[in-house]
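When you line the sequence shown up against the working numbering, it's residues 18 to 580, in that order.
Inspection log for the structure reproduced underneath, given as structure tokens.
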Amino acid sequence: MANPSDRSPIEEESIDPDKEARMLLNPPDQSAHFTSNVNMDPNNGQVLLASIDSKPKSSIIRSGVGMTKQELMKYANDPFWVRLRTFLFVLFWIIWFAMLIGSIVIVAMAPGCPVTSSLPWWKKSSIINLELDKIDSDNRNSYASKLTDQFGEIESNLDKLAKMHVNTLVVGDLDPYILLPNPADDNTTENEIDKLRNKITSLARNGDDIKVVMGLDLHKIPKSYVQNKINDSEPNDIYIESKTPSPDLKPNEVFLNYSSSKAQELFRKAVLAWMKTKIEGIKAGSIYESVNNEIKPSKQAESDLLKAIKAAGQNKILIHTAQDLPKNVFDENDAANNSDMAPDRTFWTSFANDFKSPKESLAKIFEPYVQQEQRLLSENNTDNESLTNRENVGKFWRTFLIQHPNDPVNIIEKKSDRAITEAVIMAIYMMPKVTLITQMDLKLLNQKNSEIVDRMMKLRQEHPETMLAGRTILPKIKGSDSLFALYRGSKTDNGYLLLINEANSKTVANLDVNELPFQENVLSRKVLLTNSENTLNNVDADVSLDSINLDPKQSMIIEFNVK
């Protein structure tokens with residue numbers, strides 16, 4: 018039997034027979050009462066703890082108790098609440114309509130995307146084509162080593178090129194097969210080719226400041242393929258020999274035959290090897306094929322080349338230097354179907370050979386653009402602002418190869434002098450719907466160069482709405498027959514007026530401001546720069562179009578600052 022002293026207090030309390038009796042005799046001081054703030058209303062109330070002898074206080078009863086539906090309905094038609102509801106209803110719709118109208122006004126008044134924003138990057142680029150020293154490609158070891166040194170020189174001048182406002186660099190023309198393995202290569206040659214490949218990759222990855230495009234002679238054939246037959250049991254049709262000269266071929270030159278399956282395989286491997294170096298594209302001429310003993314450019318090769326380049330990235334480009342373009346810049350052509358850029362091979366040569374004076378020769382190349390704009394304005398019954406939009410800004414675009422003023426073989430300088438040559442370059446950089454590729458020798462990078470190209474590249478980059486897509490006007494000059502005047506303007510961008518005095522004496526220009534478009538938006542007119550023989554001056558001085566003084570052989574750019 019368990020000892021009573023071993024029981025716990027809990028067990029004793031749980032079996033206490035007198036506990037219930039004590040609770041009945043001595044009830045607690047507090048108990049729960051249901052109270053109601055509305056007489057005889059069983060639907061509303063709260064539980065309050067109160068003493069038995071006390072009565073619930075009305076303040077306690079009302080605390081935290083909402084009104085019943087019946088009570089609320091008593092105030093539904095109260096004049097004060099009716100006016101308040103009406104006021105809030107009207108206020109809501111006023112605010113809603115104000116927000117709607119405000120959003121429409123913001124969209125209507127906000128500046129839209131620039132017209133030139135729809136252009137691909139290569140059409141807006143400032144491009145320099147660096148021509149390298151000629152190197153014999155027969156000795157692969159020596160060729161790779163010397164080419165690596167020249168690429169190293171380019172890489173060391175990237176900062177200088179960036180300060181010149183160059184954002185795309187075309188290098189070459191190069192042996193397209195130098196990066197492919199060759200069974201005849203020894204270890205030394207392989208090491209030199211690896212160094213070359215790494216240097217090209219390093220140059221291509223220099224950053225977003227300057228894009229690198231390689232010029233390749235893809236129509237050529239490695240010498241080893243000519244000297245040694247691939248396989249005596251198979252037809253050796255990988256190359257053919259030219260009989261007549263062409264823009265890309267010399268007489269009796271051996272070149273790639275794209276109708277050969279082996280030639281196509283070699284071609285694809287070469288393009289892939291170059292695109293793996295992370296370059297932004299390839300510049301190439303025609304690739305030929307022999308069909309029924311007839312040698313002609315291969316359209317299939319052009320298509321395959323473009324596909325291979327785009328496979329490395331849709332923003333990679335093909336610059337095709339052997340496209341047949343119509344003489345009239347406003348005639349439709351299919352050059353864009355086979356390449357991204359098709360430089361006009363005849364533009365600079367024809368212009369330079371026919372050059373007589375800035376006024377006569379420059380007017381000849383700008384008049385078609387002026388006439389086209391006037392025709393569109395009259396036919397479409399449109400205004401200056403709607404003449405060019407995002408849909409048509411890239412139409413009839415051209416790419417021109419021109420020579421740098423410092424080029425020792427610049428054709429125009431041979432006919433005139435440096436001041437006129439630089440003035441002509443300034444005008445050409447103001448051509449509409451044009452991308453310019455300025456050819457320049459690598460050796461010129463370390464010499465004192467003309468700053469005209471740098472300044473014009475900067476203007477095109479900072480003011481694309483005017484320089485690429487703005488109006489083109491050849492205003493009349495009063496009081497002088499020796500002046501050429503060109504105006505480029507836009508409603509949303511600064512306008513620029515180029516004046517060239519081709520005479521050997523001072524002259525005064527007088528222009529009618531009403532002849533120039535968008536003048537209602539102009540805040541000020543300032544002389545931006547002047548250029549004469551070996552002297553480029555930054556002026557930044559106000560000018561009146563009624564009287565502009567120019568020195569002999571001086572060119573001047575006036576800036577029209579808009580709102």
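The C-beta atom is built at its ideal place from N, Cα and C for all residues, glycine as well.
- A buried status is given to F577, since no fewer than 16 other beta-carbon atoms sit within 10 Å of its beta-carbon.
- A residue is called buried when at least 16 other Cβ atoms come within 10 angstroms of its Cβ; P343 does not meet this threshold and is exposed.
- Per DSSP, the unbroken alpha helix (DSSP H) holding Y386 starts and ends at P375 to E396.
- As the crow flies, the alpha-carbon of E482 is around 16 Å from that of L503.
- In this chain, the beta strand (DSSP E) harbouring N146 covers I144 to E148.
- E319 and N554 have their alpha carbons spaced roughly 46 Å apart.
- Contact between the stretch 357 to 365 and the stretch 169 to 182 is not established, with fewer than three Cβ pairs separated by less than 8 Å.
- Scanning its chain for C-beta atoms nearer than 6 Å, with the 5 sequence neighbours on each side dropped, one finds around T338 the residues G302 and P360, in chain order.
- Linking S572 to N466 through their CA atoms gives a straight-line distance of about 18 Å.
- Contact between V229 and E148 does not hold, since the beta-carbon distance rounds to 15 Å and is not under 8 Å.
- Of all C-beta pairs linking the stretch 556 to 572 to the stretch 513 to 530, three or more are shorter than 8 Å, placing the two stretches in contact.
- Here L546 has R472, L553, N554, N555, V556 and I574 as same chain residues with Cβ atoms under 7 Å from its own Cβ, once five neighbours each way along the sequence are excluded.
- Beta-bridge partners of M181 (DSSP): none assigned.
- Annotation: N548 to A436 spans about 7 Å, alpha carbon to alpha carbon.
- Taking P128 as the centre and dropping the five residues before and after it, the same chain places the C-beta of T509 closer than 8 Å to its C-beta, in chain order.
- L516 has A502 and M573 as its beta-bridge partners, per DSSP.
- From the listed residues L491, R542, V525 and Q478, the smallest Cα separation to S134 is found for Q478.
- For M443, the closest C-alpha among the options K475, K432 and V426 is that of K475.
- Per DSSP, the continuous alpha helix (DSSP H) segment holding F368 begins and ends at F364 to N370.
- The three-state reading of DSSP puts Y194 in coil, since its state is none of H, G, I, E or B.
- Relative to Q331, the option among S315, M292 and E349 whose CA is nearest is M292.
- With 16 or more other Cβ atoms from the protein chains shown falling within 10 Å of its own Cβ, Q281 counts as buried.
- Taking T294 as the centre and dropping the five residues before and after it, the same chain places the C-beta of I217, T218 and A221 closer than 6 Å to its C-beta, in chain order.
- With 16 or more other CB atoms across the displayed protein chains lying within 10 angstroms of its CB, L213 is buried.
- DSSP assignment within the stretch 434 to 515 yields the following whole beta strand (DSSP E) runs of 3 residues or more, N-terminal first: 451 to 458, 488 to 490 and 500 to 506.
- In this structure, DSSP gives R285 a helical state, which the three-state scheme calls helix.
- For G298, DSSP records a beta bridge to V230 and I334.
- Ranked by how close their Cα comes to the Cα of M358, the residues I144, F104 and N156 have I144 in first place.
- The residue among L514, E270 and A486 with its C-alpha nearest the C-alpha of I494 is L514.
- A325 sits close to R285, with the two beta carbons spaced by under 8 Å.
- For R214, the uninterrupted alpha helix (DSSP H) segment begins and ends at N204 to A221.
- Contact between E306 and Y256 does not hold, since the beta-carbon distance rounds to 11 Å and is not under 8 Å.
- For V288, the CB contacts under 6 Å within the same chain, skipping 5 residues up- and downstream, are A325 in chain order.
- Separation of M447 and M231 (C-alpha to C-alpha, rounded to the nearest whole angstrom) is 27 Å.
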